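Residue numbers (my numbering): 319 to 427.
Cβ coordinates follow ideal geometry from the N, Cα and C atoms, glycine included.
Computed from a predicted structure; not experimentally measured.
Below you'll find the structure, written out as structure tokens, and then a few comments.
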């Protein structure tokens, strides 16, 4: 009978989803971390609900991946405010994934 050894884990990937509402927009977030390093953050951006229907209108998205940020948003969207929100989300997510690294990055600013 063969003896099966314990597998060596070479990579741990975690995917989490979240929702957040700010004064600027509603966000549906999905982020991925691999070995305590943030690899991807995708934020779907929705206009805040107005009127009786309380429906959220999709505006676009902001994505961080491979150390680049890409977005697809209409020109009349509150871009500065959306990017400020996204930057805050990135800080909070990095702090959750690896508190020591996040603290070091904050002190370097």
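### Message
Tell me whether the region 361-370 and the region 322-331 touch, counting them as touching only if at least three CB pairs, one residue from each stretch, are closer than 8 Å.
### Response
Verdict: no, contact absent.
### Task
Pull up the distance between the alpha-carbon of residue 403 and that of residue 389, whole angstroms please.
For residue 403 and residue 389, the distance between alpha carbons rounds to 14 Å.
### Message
Is there a Cβ of chain C sitting closer than 7 Å to that of residue 366, yes or no?
### Response
Of the protein chains in the structure, only one exists, and it is not chain C.
### Query
Which value, in whole angstroms, describes the spacing of the CA atoms of residue 397 and residue 339?
Straight through space, the alpha carbons of residue 339 and residue 397 are spaced by roughly 16 Å.
### Message
Assuming residue 392 and residue 378 are in contact, meaning their beta carbons sit under 8 Å apart, how far apart are those beta carbons, in whole angstroms?
### Response
7 Å between Cβ atoms; contact.
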